[in-house]
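Novice: In this text, residue positions in the sequence shown follow the numbering used here: the first is 4, and each later residue adds one. Note that the Cβ used here is the ideal one computed from N, Cα and C, for glycine as well. My questions will all concern the structure given below.
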Amino acid sequence: MIGSEERYTTPEERKAKIRERYKGIDPNELDVIPAIKPADFYSDKSNKRVAVYARVSTDDPNQTSSYELQKNHYTDVVSRHEGWELSQIYADEGISGTSLQHRDSFVRMIQDCKTGKIDLIITKSVSRFARNVLDCIGYVRELGKLQPPIGVFFETENIYTLNPNSEMSLSFISTLAQEESHNKSEIMNSSIEMRFRRGIFLTPPLLGYDQDENGELVINQEEAKTVRLIFFMYLYGYTCVQIAETLTRLGRRTKKGNTKWSPGVVLQQLENERHCGDVLARKAWTPSYLDHKAKKNKQDRNQYLMRDHHEAIISRDDFIAVQRLISNAKYGCSRILPQLSVIHEGALKGFVIINPKWAAFTADDYRNASASVYEDGHVFSDEHQINVNAGDFDLRGFQVARAELFNTRDKTSISFTTSNIKFSAGCLKKFPKVIYVEMLIHPELKLLAVRPAAKNSKNAIKWCVLKETDHQPKSIGGKAFLPRIYELLEWDTNCKYSVRGERLSNEAGTEAVILFKMTDTEVFYRDKPPESDDTASPVSSKTIRAFPLHWTASFGDEYYRQAQIRELLNFTNNKTWNTSSEGIPYITEELDVTSPSILEAQIGSMIENIEKADDNHE
Numbered sequence: 004m005i006g007s008e009e010r011y012t013t014p015e016e017r018k019a020k021i022r023e024r025y026k027g028i029d030p031n032e033l034d035v036i037p038a039i040k041p042a043d044f045y046s047d048k049s050n051k052r053v054a055v056y057a058r059v060s061t062d063d064p065n066q067t068s069s070y071e072l073q074k075n076h077y078t079d080v081v082s083r084h085e086g087w088e089l090s091q092i093y094a095d096e097g098i099s100g101t102s103l104q105h106r107d108s109f110v111r112m113i114q115d116c117k118t119g120k121i122d123l124i125i126t127k128s129v130s131r132f133a134r135n136v137l138d139c140i141g142y143v144r145e146l147g148k149l150q151p152p153i154g155v156f157f158e159t160e161n162i163y164t165l166n167p168n169s170e171m172s173l174s175f176i177s178t179l180a181q182e183e184s185h186n187k188s189e190i191m192n193s194s195i196e197m198r199f200r201r202g203i204f205l206t207p208p209l210l211g212y213d214q215d216e217n218g219e220l221v222i223n224q225e226e227a228k229t230v231r232l233i234f235f236m237y238l239y240g241y242t243c244v245q246i247a248e249t250l251t252r253l254g255r256r257t258k259k260g261n262t263k264w265s266p267g268v269v270l271q272q273l274e275n276e277r278h279c280g281d282v283l284a285r286k287a288w289t290p291s292y293l294d295h296k297a298k299k300n301k302q303d304r305n306q307y308l309m310r311d312h313h314e315a316i317i318s319r320d321d322f323i324a325v326q327r328l329i330s331n332a333k334y335g336c337s338r339i340l341p342q343l344s345v346i347h348e349g350a351l352k353g354f355v356i357i358n359p360k361w362a363a364f365t366a367d368d369y370r371n372a373s374a375s376v377y378e379d380g381h382v383f384s385d386e387h388q389i390n391v392n393a394g395d396f397d398l399r400g401f402q403v404a405r406a407e408l409f410n411t412r413d414k415t416s417i418s419f420t421t422s423n424i425k426f427s428a429g430c431l432k433k434f435p436k437v438i439y440v441e442m443l444i445h446p447e448l449k450l451l452a453v454r455p456a457a458k459n460s461k462n463a464i465k466w467c468v469l470k471e472t473d474h475q476p477k478s479i480g481g482k483a484f485l486p487r488i489y490e491l492l493e494w495d496t497n498c499k500y501s502v503r504g505e506r507l508s509n510e511a512g513t514e515a516v517i518l519f520k521m522t523d524t525e526v527f528y529r530d531k532p533p534e535s536d537d538t539a540s541p542v543s544s545k546t547i548r549a550f551p552l553h554w555t556a557s558f559g560d561e562y563y564r565q566a567q568i569r570e571l572l573n574f575t576n577n578k579t580w581n582t583s584s585e586g587i588p589y590i591t592e593e594l595d596v597t598s599p600s601i602l603e604a605q606i607g608s609m610i611e612n613i614e615k616a617d618d619n620h621e
C-alpha cells in the first residue's frame, strides 16, 4: 500500500524517485547463479535416443533408391555421433506430405515421442516432415512442450527446433514447401485435364479386364465370367447380398484375389460403366490439395465420356437397365424396371403418371413423354376466347379471390419439400374412403392431377392412414422423384411449397379428379435471424410465408379467365372424361434388355460350368 508520504508527492518528485531506483546497485553486492546453457545441436554430447523419419511421395520403384539412401545415410549419422542411439527408422512410402492421412509411421513416431521412447528426431528436410504449414509448426510446438522437450533437426535447412530462433525460419520454409505442393497439384490437374481432352484415360485395375503393353483394356475371359454372372443375376432380380453369397460359395475371386464377397464390392461392379465398353473420366475430384479427400463430382469439374472405348463384357442396354434398377432400389422400389406412362385420351390427355420411387428419369423425359401424345408436340393454341351468353351479368373487370389468401380450415391443398409430399385433410374429404391414389403431372400446363387408384397398381400411393375411426393424411416419401418436380417448376430447393386444388367431376358425378395449378403457390422459407454478439438470448429462425411475384397488385384471376381457364376447359368441355384411362408406356429410348427367360438359362448354365470346373480341379 502506498504510504501517505508518497501519496501526496508531486509528479516531479515521483519521477525523481524512479530515476534514483533504476540507477541500480553495486554489482559486487549481487550474486548471479548462471543458467545451464542449452547445448548446441552439434556440440551436444548427452545420450539421446534418436528417431529417423524418411518419406517418399510416390511408390514408384524409381524412388526406392531415394528411400533407401535416406535410411542408410541417417543410420550412419546416428552411429557416428557420440552418445546417440538409433531408436527406430520411421518411414512412409508413396504418401503425400500435405496431409497426415495414411502417414501411419509418422503418427506412430509422434505417439512414441509422447510416451517417452524418443529424445530427438532427424529428417532430411522440412518437405519430408510435412508440406502443410499448420501440421509442421503444430507438431514442432507440441514436441517442444513435452518434458523433456523433443527437438526436430532438418538437415538440409540446418534447423534445430529447440533453438529459440528456429520458428521463423521453419515457418518460412514450410510455407514454401506447401506452396510447392500446391503448384505440383495444379500442374498435375492440368496434365490430367489435357490427357482426358485427348481421350487418354487412366485405367485402374478392373474385374474382367487386364492391361496390354500399351495400357489398353483387354478382356480377361475367366474374370469376365464373374462379371456376366453378377449383371445377369441382378437383372433377373437377385439382390447384391444374394449375389455376394453366391460368388463366395462358388469361390470366385475379386480383382484383388479375395474369395469372400461383400454387397458393396458387387455394387461397385454393377455401377462401373467400363463393363459396357464406355469410359467416364473424373467421377470424383479433390477439392483441397492439403487433405486429399475425394468428393463425388457433381459437375464441379469437367467430365469426359467416351463410348466404345474398349471391348464390352456387358451390352450397353443391359448396363442402362441395371443402373435404373439400382437407382430405384435406393428408394425401396426394387426388381421393377421403371417405365414412364402417359395418358393418350380423355380429360387427362398428356398427363404423365408419377411414381415417387422412380429416380431414373430426367425433367426432359417427363416433358417429352407428355408432348408425345400431341401432334407436333403442341398442346394448346395460345389464343383464348371468352364465351358469354346474352343477358348474363357482365363480370368483366371482376376478379375471383384466391383461396390461398384465406386460412380456410378444410382447404384442399398439397405441400412439397425436396423429400416429402403431403395432402391436406381437405383432399381426403374430396375422395372419402379412398386409401390409394395416383398422381399425374402435365409438364407444359403445370398441372398436377390426383385420381383414385387400386391398391395393386404399381404406381399407387397410400395417401392416408386410419387413426381410430378417421383417416388422416400420410407423409409420402419422394426423394427419388421430387427433384424432378422442383426442376420442372423451377422451384427453390430450400423452400417448401403449398398448392391449392379443386375437385372437378363430370356432369353425372361418376368421374372426378383433384386438380392443382402448380404455378399458384404459397412459398415457405426459413428466415435466418441476423448475426448478433448477444449470445445470452439467441433469436431462432422463423418460417416466412410468401406468394409469387406476379400476384402483386392483384386480388386474383379475372373472373372469365378463372371460370373458363383453358386448363379447366379440357375437363369441363370434354364429353368423354375417361379419367381412369390407363397410361401407355413411353419409350425414352429403345432398350434391348436380355429377356428373363434367357437370363434364367444363362445364370443356370454359368453356375453349373463354374461348379464343374472346380470339381475337375479337385
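Check for me: the beta strand (DSSP E) holding G154 runs from which residue to which?
Specialist: Start and end: G154 to F157.
Novice: Please classify C498: does DSSP put it in a helix, a strand, or coil?
Specialist: Note: C498 maps to coil in three-state DSSP.
Novice: Among S501, T421, L431 and I464, which has the Cα closest to the Cα of E441?
Specialist: Ranking the options by Cα distance to E441, first place goes to I464.
Novice: What are the uninterrupted segments assigned as alpha helix (DSSP H) that are 4 or more residues long and contained completely in the segment 179-264, given in chain order?
Specialist: Runs of the alpha helix (DSSP H) inside the segment 179-264: 224-239 and 243-253.
Novice: Let me check one thing: in DSSP terms, what residues is W580 bridge-paired to?
Specialist: None, per the DSSP bridge assignment.
Novice: Curious, which full-length alpha helix (DSSP H) runs of at least 4 residues does the segment 441-516 contain?
Specialist: Listed in chain order, they are 485-492.
Novice: Short check: CB of G353 to CB of S373, under 7 Å?
Specialist: In this structure, S373 lies closer than 7 Å to G353 by Cβ.
Novice: Give the secondary structure of I329 by DSSP, where H, G and I count as helix, E and B as strand, and everything else as coil.
Specialist: The answer is helix: DSSP assigns I329 an H, G or I state.
Novice: Select from Y307, K48 and R327 the residue whose C-alpha is nearest the C-alpha of K360.
Specialist: For K360, the nearest C-alpha among the options comes from R327.
Novice: Taking just the CA atoms, how far does V596 sit from S508?
Specialist: Between S508 and V596, the C-alpha separation is close to 41 Å.
Novice: Does the Cβ-Cβ distance between S330 and A363 come in under 7 Å?
Specialist: Contact: yes.
Novice: Can you give me the Cβ contacts of T13 inside the same chain, cut-off strictly under 8 Å, excluding the 5 residues immediately before and after it?
Specialist: Answer for T13: no residue qualifies.
Novice: Could you check where the beta strand (DSSP E) with L343 kicks off and where it finishes?
Specialist: Looking at the DSSP string, L343 is not in any beta strand (DSSP E), and its letter there is neither H nor E.
Novice: Tell me, to the nearest whole angstrom, how far the beta carbon of I316 is from that of V230; I am working on the premise that it is less than 8 Å.
Specialist: Between V230 and I316 the Cβ distance is about 5 Å, and since that is below 8 Å, they are a contact.
Novice: With distances taken between CB atoms, is the gap from I125 to S90 smaller than 7 Å?
Specialist: The answer is no: Cβ separation not under 7 Å.
Novice: Can you round the beta-carbon distance between K425 and S478 to whole angstroms, since I take them to be within the 8 Å contact cut?
Specialist: Yes, K425 and S478 are in contact; Cβ-Cβ is about 5 Å, under 8 Å.
Novice: Just tell me which of R503, L492, S422 and K458 has its CA closest to the CA of G429.
Specialist: The candidate whose alpha carbon is nearest that of G429 is R503.
Novice: Note the first and the last residue of the continuous alpha helix (DSSP H) segment covering K20.
Specialist: K20 -> alpha helix (DSSP H) spans P14 to R24.
Novice: When you compare only the Cα positions, how much space is there between I444 and T242?
Specialist: Taking the straight line joining both Cα atoms gives about 32 Å.
Novice: Measure the C-alpha to C-alpha separation of R256 and L210 and round it to an integer number of angstroms.
Specialist: The alpha-carbon atoms of R256 and L210 are separated by roughly 9 Å.
Novice: Buried or exposed: where does I21 fall if 16 or more other Cβ atoms within 10 Å of its Cβ makes it buried?
Specialist: That one is exposed.
Novice: For the candidate residues L270, Y307 and N462, whose alpha-carbon lies nearest to that of N358?
Specialist: It is N462 whose Cα lies nearest to the Cα of N358.
Novice: Drop a sphere of 10 angstroms on the beta-carbon of A616, count the other beta-carbons inside from all chains shown, and report buried for 16 or more, exposed for fewer.
Specialist: Classification of A616: exposed, given that the 10 Å Cβ count is below 16.
Novice: Rounded to whole angstroms, what's the CA-CA distance from S108 to E96? Just pull it up for me.
Specialist: About 10 Å.
Novice: Find out if the Cβ-Cβ distance for the pair V376, V345 is shorter than 7 Å.
Specialist: Yes, these two residues count as a Cβ contact at 7 Å.
Novice: If I measure Cβ to Cβ from V136 and keep anything under 6 Å in the same chain, skipping five residues before and after, which residues do I get?
Specialist: Correct list, in chain order: S177, T178 and Q181.
Novice: Please state the DSSP three-state secondary structure of T78.
Specialist: If DSSP states are grouped into helix, strand and coil, T78 belongs with the helices.
Novice: For F132 and F157, which I take to be in contact (beta-carbon distance under 8 Å), what is that distance rounded to the nearest angstrom?
Specialist: That belief holds up - the Cβ atoms of F132 and F157 are roughly 7 Å apart, short of 8 Å.
Novice: Report buried or exposed for S608, applying the criterion of at least 16 other Cβ atoms within 10 angstroms of its Cβ.
Specialist: That one is exposed.
Novice: So, are the CB atoms of E85 and K48 less than 7 Å apart?
Specialist: Yes. Within cutoff.
Novice: Determine which residues share a DSSP beta bridge with K51 and list them.
Specialist: W87.
Novice: Take the Cβ of F175 as the centre, count every other Cβ of all protein chains shown within 10 Å, and call the residue buried at 16 or more, exposed below.
Specialist: It counts as exposed.
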